[in-house]
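Structure, as structure tokens:
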Amino acid sequence: MSVLVYVEQAEGKFKKSVFEAVSYAKAIADQQSTNLTAISIGDVADSELKELGKYGASKVLNVSADQLKTFVNQAYASVIAAAAEKEGADIVVLSNSFSGKGLAPRIAVKLKAGLADGAVELPSTDGKFSVKKTAFSGKAFAITELTSANKVIALNPNAFGVKENATDVAIETFTADVKQSDLGTVIKEIVRATDKVSLPDAELVVSAGRGLKGPENWGMIEELAGLLGAATACSKPVSDADWRPHSEHVGQTGIAISPNLYIAIGISGAIQHLAGVSSSKVIVVINKDPEAPFFKVADYGIVGDAFEVVPKLIEALKAHKG
Amino acid sequence: MKILVCISNVPDTTTKITFTNDNTEFNTSGVQYIVNPYDEIALSRAIELTEGGKGTVTVINVGEAGNDPTIRKALAIGADDAVRVNAAPRDAYFVAKQIAEYAKDKDFNIILTGRESIDYNGNQVAAMVGEFLDIPSISIIKKLDVDGDTATIEREIEGGKEVLTVSGKFIASCAEGVAEPKIPNMRGIMSARTKPLAVVDAVAIEEVTKVTKYETPAPRGTVKLIPADQTESLIGLLHSEAKVI
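Here's what the structure looks like:
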């Protein structure tokens, strides 16, 4: 019995959410008094793989077959399930990223495992193996017991935090047979905006709504986000009107996020929007309507016109940063 | 082209979520149910792809008879026929197994779902069905075009997108961007009453998860209001009190 964590790489590097998943998996391994093994698929240098030891992995399985250089969930699931069986791992952990969401269910079926996705806390240790996960689009949490022998957990980004736990790490090459039928999808192109912070795992988010009146007014939002090193987001009416891309829409039918700081500008706070952002650690609301429902769930608020407040906020932030 | 669209029956997005029986059950009292909004996007794209005699769209739901109005809504939007697997949807693993069992010998070219249901937010069913059927699954797609036997798909990734192709049968979960949700017209609503809705029995499968309790997010304290001309004190509080910048 051991814990296996899948470490997703992008262009040979691991992101913070990966180190967070390793930290979380290490804490589970400690609960179970066992070791943590990581599995990496694709081209990753040994120096980068060794980084995983900082967060508690004592062994890294490195898979670098030619046909696995780019993400194919079907084939990756086969490799990870094979590694779990070989290592005798009964708990598989991964990050609940876009790719993780396509991967975890396939691993779960292969291992006949219960899957807790959107996990926000460590499993309980009261005899039952239960995981707290988000449900009802952030309006609630479901304590989900994984009753199967094997278990798969997909951790929400920014839910657990990165915890250093220096461990001697051994890197091993791992090979697994990949069926041709596992390679049915072919990636043609990957487009990444490298100058922007990715929204799902951002620690700070600046979001704006209809109160901004039009897409031409987003300059100050982007400036504020740039100064903070924050990602930008928006409300549903804004993405519906094509002022901003759908990928920025947070809320019940968009994406749910849990950053350390969420600044909402010109967003009234409809129940569907709040569902997607209510697990943010600190919420700041700027709205000219003192009756806006968003103020009821905010930590800090400014009642005022966004077009006056945001430029002043930018000045104050510049002064703060010196 | 034969397309199968999986639909969930979920509480309306404006629903205030509460629980009963010592927080072990969702309180369904007074709740309005709708077709899961993401499933509507999947259904709308399926209808676009098959319009003009190019194919048929079947919707499938795993649920009890109370779901029939929601299934009729999907028929009113434009699906040709429907099937309901008559069982309470225990978890995603159970639902995916039922859909895979139904689909395995029906020769659907494409199976679509929404990216997730807005109640349990599983995001699990599409990839699980893909695994049960041993066909490719693509999660959280933003665009779907079909040309003969090959589909071109855009999928969301952190900070960007991935463009991929898939040939032969596949399943995909649809997000915003795939299609504009269609609204049923009067003719659709009338014809939905007489379109076929088959009811089939569920197959047995082992239990792998069980929700034992629900929690609602902890309420926040009262908002601290800062005068509009004192933005510097907001920055100060975020730095020294909240410690987030």
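Chains U and E supply the protein sequences, listed in that same order.
In terms of my numbering, the first sequence is residues 29 to 350.
In terms of my numbering, the second sequence is residues 2 to 246.
We put the beta carbon where it would ideally sit given N, CA and C, even for glycine.
Cα separation between residue i and residue j?
{"i": "Gly-237 (chain U)", "j": "Ser-267 (chain U)", "result": "9 Å"}
{"i": "Asp-150 (chain E)", "j": "Glu-163 (chain E)", "result": "20 Å"}
{"i": "Lys-82 (chain U)", "j": "Glu-48 (chain U)", "result": "11 Å"}
{"i": "Ala-93 (chain U)", "j": "Ala-320 (chain U)", "result": "55 Å"}
{"i": "Ile-78 (chain E)", "j": "Ile-69 (chain U)", "result": "43 Å"}
{"i": "Ala-93 (chain E)", "j": "Asp-145 (chain U)", "result": "11 Å"}
{"i": "Ala-152 (chain E)", "j": "Lys-244 (chain E)", "result": "48 Å"}
{"i": "Asp-210 (chain U)", "j": "Ala-128 (chain E)", "result": "13 Å"}
{"i": "Thr-29 (chain E)", "j": "Ala-198 (chain U)", "result": "52 Å"}
{"i": "Ala-344 (chain U)", "j": "Val-214 (chain U)", "result": "49 Å"}
{"i": "Ala-38 (chain U)", "j": "Ala-187 (chain U)", "result": "21 Å"}
{"i": "Glu-244 (chain U)", "j": "Lys-309 (chain U)", "result": "30 Å"}
{"i": "Asp-40 (chain E)", "j": "Glu-200 (chain U)", "result": "43 Å"}
{"i": "Ala-66 (chain E)", "j": "Asp-82 (chain E)", "result": "16 Å"}
{"i": "Thr-210 (chain E)", "j": "Ala-199 (chain E)", "result": "28 Å"}
{"i": "Ser-51 (chain U)", "j": "Pro-287 (chain U)", "result": "18 Å"}
{"i": "Gly-130 (chain U)", "j": "Lys-324 (chain U)", "result": "36 Å"}
{"i": "Asn-101 (chain U)", "j": "Pro-228 (chain E)", "result": "51 Å"}
{"i": "Ile-246 (chain E)", "j": "Leu-256 (chain U)", "result": "8 Å"}
{"i": "Ser-152 (chain U)", "j": "Ile-56 (chain U)", "result": "10 Å"}
{"i": "Val-32 (chain E)", "j": "Thr-25 (chain E)", "result": "17 Å"}
{"i": "Gly-115 (chain E)", "j": "Arg-46 (chain E)", "result": "11 Å"}
{"i": "Gly-350 (chain U)", "j": "Ile-236 (chain E)", "result": "13 Å"}
{"i": "Asp-23 (chain E)", "j": "Thr-98 (chain U)", "result": "47 Å"}
{"i": "Leu-89 (chain U)", "j": "Ser-75 (chain U)", "result": "14 Å"}
{"i": "Phe-322 (chain U)", "j": "Asp-230 (chain E)", "result": "20 Å"}
{"i": "Thr-195 (chain E)", "j": "Trp-271 (chain U)", "result": "41 Å"}
{"i": "Lys-107 (chain E)", "j": "Thr-59 (chain E)", "result": "11 Å"}
Tell me the DSSP bridge mates of residue i?
{"i": "Lys-68 (chain U)", "result": "Note that residue 68 (chain U) is Ser in the sequence shown here, rather than Lys. Partner(s): U:Val-35 and U:Asn-90."}
{"i": "Leu-5 (chain E)", "result": "E:Thr-59 and E:Ile-112"}
{"i": "Lys-41 (chain U)", "result": "U:Ala-38"}
{"i": "Tyr-290 (chain U)", "result": "U:Val-233 and U:Ile-311"}
{"i": "Gly-161 (chain E)", "result": "U:Arg-220 and E:Ile-158"}
{"i": "Ala-199 (chain E)", "result": "E:Val-84"}
{"i": "Thr-210 (chain E)", "result": "U:Leu-174"}
{"i": "Glu-216 (chain E)", "result": "U:Phe-169"}
{"i": "Glu-200 (chain U)", "result": "U:Leu-89"}
{"i": "Ser-125 (chain U)", "result": "Ser-125 (chain U) is not bridged to any residue."}
{"i": "Ile-139 (chain E)", "result": "E:Ala-173"}
{"i": "Lys-161 (chain U)", "result": "U:Ala-147 and U:Ala-170"}
{"i": "Ile-35 (chain E)", "result": "E:Val-11"}
{"i": "Ser-30 (chain U)", "result": "U:Ala-117"}
{"i": "Ala-182 (chain U)", "result": "U:Leu-122 and U:Asp-145"}
{"i": "Gly-64 (chain E)", "result": "E:Asn-87"}
{"i": "Phe-27 (chain E)", "result": "E:Phe-20"}
{"i": "Ser-168 (chain E)", "result": "E:Thr-151"}
Taking Cβ positions, are residue i and residue j nearer each other than 7 Å?
{"i": "Ala-326 (chain U)", "j": "Ile-311 (chain U)", "result": "yes"}
{"i": "Gly-329 (chain U)", "j": "Gly-304 (chain U)", "result": "no"}
{"i": "Gly-142 (chain U)", "j": "Leu-174 (chain U)", "result": "yes"}
{"i": "Lys-340 (chain U)", "j": "Thr-223 (chain E)", "result": "no"}
{"i": "Ala-253 (chain U)", "j": "Thr-260 (chain U)", "result": "yes"}
{"i": "Lys-179 (chain U)", "j": "Ile-171 (chain U)", "result": "no"}
{"i": "Leu-113 (chain E)", "j": "Val-6 (chain E)", "result": "yes"}
{"i": "Ile-13 (chain U)", "j": "Ala-111 (chain U)", "result": "An answer regarding residue 13 (chain U) cannot be provided, because it is not within the stretch 29 to 350 covered by chain U."}
{"i": "Thr-65 (chain U)", "j": "Glu-113 (chain U)", "result": "no"}
{"i": "Phe-169 (chain U)", "j": "Asp-120 (chain E)", "result": "no"}
{"i": "Ile-119 (chain U)", "j": "Ala-147 (chain U)", "result": "no"}
{"i": "Ile-299 (chain U)", "j": "Thr-15 (chain E)", "result": "yes"}
{"i": "Pro-228 (chain U)", "j": "Glu-159 (chain E)", "result": "yes"}
{"i": "Lys-143 (chain E)", "j": "Ala-176 (chain E)", "result": "yes"}
{"i": "Ile-35 (chain E)", "j": "Asp-13 (chain E)", "result": "yes"}
{"i": "Met-191 (chain E)", "j": "Asn-110 (chain E)", "result": "no"}
{"i": "Lys-98 (chain E)", "j": "Ile-206 (chain E)", "result": "yes"}
{"i": "Ser-275 (chain U)", "j": "Ile-295 (chain U)", "result": "no"}
{"i": "Ser-123 (chain U)", "j": "Leu-183 (chain U)", "result": "yes"}
{"i": "Arg-221 (chain U)", "j": "Gly-56 (chain E)", "result": "The identity of residue 221 (chain U) in the sequence shown is Ala, whereas the question assumes Arg. Not a contact, by the Cβ cut-off of 7 Å."}
Pull up the CB-CB distance for residue i and residue j, whole angstroms please, since I reckon it's below 8 Å.
{"i": "Ala-85 (chain U)", "j": "Val-33 (chain U)", "result": "7 Å"}
{"i": "Ser-45 (chain U)", "j": "Ser-176 (chain U)", "result": "Their Cβ separation, rounded to whole angstroms, is 26 Å, which puts Ser-45 (chain U) and Ser-176 (chain U) out of contact at 8 Å."}
{"i": "Ser-61 (chain U)", "j": "Gly-166 (chain U)", "result": "The pair is not a contact, with the Cβ atoms about 34 Å apart (cut-off 8 Å)."}
{"i": "Ile-8 (chain E)", "j": "Asn-62 (chain E)", "result": "5 Å"}
{"i": "Val-225 (chain U)", "j": "Leu-226 (chain E)", "result": "Val-225 (chain U) to Leu-226 (chain E), Cβ: 28 Å. No contact."}
{"i": "Val-11 (chain E)", "j": "Ser-118 (chain E)", "result": "6 Å"}
{"i": "Arg-91 (chain E)", "j": "Glu-242 (chain E)", "result": "Their Cβ separation, rounded to whole angstroms, is 45 Å, which puts Arg-91 (chain E) and Glu-242 (chain E) out of contact at 8 Å."}
{"i": "Gly-239 (chain U)", "j": "Ala-347 (chain U)", "result": "About 25 Å; that fails the 8 Å criterion."}
State whether the stretch 195-211 of chain U contacts the stretch 98-115 of chain U, with contact taken as three or more CB pairs (one from each stretch) at a distance under 8 Å. yes
Does the stretch 226-244 of chain U come close enough to the stretch 271-291 of chain U that 3 or more CB-CB pairs lie under 8 Å? yes
Does the stretch 178-188 of chain E come into contact with the stretch 128-140 of chain E, if we say contact requires no fewer than three beta-carbon pairs (one atom in each stretch) closer than 8 Å? no
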